[in-house]
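In this text, residue positions in the sequence shown follow my numbering: the first is 232, and each later residue adds one.
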Amino acid sequence: MGDLIFPINPGAALAIHVALSAGIVAAIIVVAALLREKRSGARADVPYEGGVLPAAPQQGPVNAPYFLIAALFVIFDMEAAILFAWAVAARDTGWLGLIEAAVFIGVLLLALVYLWADGALDWHKERRR
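Below is the structure:
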């Protein structure tokens, strides 16, 4: 349908798309550089968040188990995306596709059981090594 409205060579369309995308990115970088706050005498090693300089240096590593939970979410969220694609083509794949999906789910369930047994899903306990 797009060819009927404005016929264009696919290579030219790709070149226009890439050029416009690069131009938009360059414009965003230039505008951000022009609008940023310029600090005179600022130190690059001090974080500057919300205009407040830190009162004291950080006292060791921050315990952030939510990073682990976020990584696990991404891994298991990809499972949903892959299974959705399989569900769309389930009739075409037949029994072999069903067996492959079952093996895929089984491997992910084994990984979940391992993470649970290892303590990776516990927020307040030390993990066993």
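Ideal Cβ positions, reconstructed from N, Cα and C, are used throughout, including at glycine.
### Message
Let me make sure I understand the geometry here. Which of L327, R322, F298 has the alpha-carbon closest to that of L352?
### Response
F298
### Task
Compute the beta-carbon to beta-carbon distance between F304 and L339, rounded to the nearest angstrom, for a pair I have assumed lies under 8 Å.
Contact doesn't hold; Cβ gap of about 13 Å is too wide.
### Message
Short of 6 Å in beta carbon distance, which residues of its chain neighbour W354, apart from the five on each side in sequence? Order them along the chain.
### Response
P296
### Message
Is the separation between the beta-carbon of A332 and that of W347 shorter than 7 Å?
### Response
no
#### Entry: Inter-residue spacing [alpha-carbon to alpha-carbon] between L329 and V344
22 Å
### Query
Three-state secondary structure (DSSP) at P296?
coil
#### Entry: E268 - containing alpha helix (DSSP H), residue span
Counting along the chain, E268 falls outside any alpha helix (DSSP H), and DSSP gives it neither H nor E.
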